[in-house]
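Asker: To start, I am sharing the structure in question, which I have written as structure tokens.
Numbering (my numbering), first residue to last: 13 to 316.
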């Protein structure tokens, strides 16, 4: 049997787990998820983790060689704790130990457990089997409840001093607040509501824009423009070759990724920054799980 990793992804709306094989593919039928949300407590999350881990590992056999966890951050690598920006009740939660305990309860007490922030995990996944495989310098990121990503440089994840590099949602936007508060899915919905739009979700915003609603379309363009301007600055600073865009809100319009690219080119002052490509994620909803698994299955490309 091929080596398998148990991948666990903790995001702003759900915790999800699955088995991923050595080729970087999610094993069909192995996925399990439970809701989280901004009011998630440590007890709620621990219960959800025990459920999804037990469900996934019940059909894993003896092939699991390790566990990779991608979590909303920042994270403390040394302590194995998390401090998610959008889930304040989880600050200080020892996620690595909690997952290790859930795995042991499910009958796998001796496998190694590695923790990384979800943006860095996504970058590993895209560089391994996704849209940035041939790039020397890339940034993969998600636009969803939050905005975050990670850098790959010469085939290795650039994690920074504390392992948290890539939190581009915390860059300051033209409006003086964080990019996340301008361009994320919830922020875009809130802005549209303040302009008189009556909807309540990113899905409704997408449908309204597709039907010709001018406010919904303006909210989408506002988000893409803010992100593109931020990418122009990042491209000038780091000389990025490819940006890969994923996350649920990146599907809010068929041309959303193109709008980001156009905004980057409009804002970039230097030719090499203007030449940076903006592409859609090659992995869709599987990216975070594949990236978590890469902490184990591609360990030589991720900092210890």
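Yeah, the Cβ is synthetic: ideal placement off N, Cα and C, and Gly gets one too.
Using only alpha-carbon positions, find the residue among 206, 207 and 201 that is nearest to residue 219.
Answerer: Taking the chain shown and counting its residues from 1, one reaches residue 219 at position 207. Cα-wise, what sits closest to residue 219 is 201.
Asker: Tell me, which residues are paired with residue 83 by DSSP?
Answerer: Taking the first residue of the chain shown as 1, we reach residue 83 at position 71. Looking at the DSSP assignment, residue 83 forms a beta bridge with 22 and 129.
Asker: Contact between the segment 76-83 and the segment 127-138 is defined here as three or more beta-carbon pairs at a separation below 8 Å; is this criterion met?
Answerer: yes
Asker: Should the segment 205-223 be regarded as contacting the segment 100-113, the criterion being three or more beta carbon pairs within less than 8 Å?
Answerer: no
Asker: From the DSSP secondary-structure annotation, give me the bridge partner or partners of residue 154.
Answerer: Indexing the chain shown from 1 puts residue 154 at position 142. Residue 154 pairs with 160 and 258.
Asker: With distance defined between alpha-carbon atoms, name the residue in 118, 286, 227 and 22 nearest to residue 242.
Answerer: The count along the chain shown starts at 1 and reaches residue 242 at position 230. Taking only the C-alpha atoms, the option nearest residue 242 is 286.
Asker: Between residue 301 and residue 65, how many whole angstroms is the CB-CB distance? I'm expecting something under 8 Å.
Answerer: As a working mapping, residue 301 is identified with position 289 in the chain shown. As a working mapping, residue 65 is identified with position 53 in the chain shown. No, residue 301 and residue 65 are not in contact; Cβ-Cβ is about 13 Å, not under 8 Å.
Asker: If you run the structure through DSSP and keep just helix, strand and coil, what is residue 278?
Answerer: Taking the chain shown and counting its residues from 1, the one referred to as residue 278 is at position 266. Residue 278: helix per DSSP, three-state reduction.
Asker: Looking at C-alpha atoms only, which residue of 245, 85 and 155 is the closest neighbour of residue 186?
Answerer: Looking up residue 186 in the chain shown gives position 174. Closest option to residue 186, Cα to Cα, is 245.
Asker: Buried or exposed for residue 103, going by 16 or more other Cβ atoms inside 10 Å?
Answerer: Within the chain shown, numbered from 1, the residue matching residue 103 stands at position 91. Around the beta carbon of residue 103, a 10 Å sphere encloses fewer than 16 other beta carbons of the protein chains shown; the residue is thus reported as exposed.
Asker: Using CA coordinates, which residue listed in 230, 258, 229 and 216 is at the minimum distance from residue 156?
Answerer: In the chain shown, residue 156 corresponds to position 144, counting from 1. Of 230, 258, 229 and 216, the residue nearest in Cα terms is 258.
Asker: Out of 296, 174 and 207, which one is the CA nearest neighbour of residue 92?
Answerer: Here residue 92 refers to the residue found at position 80 when the chain shown is read from its first residue. Ranking the options by Cα distance to residue 92, first place goes to 174.
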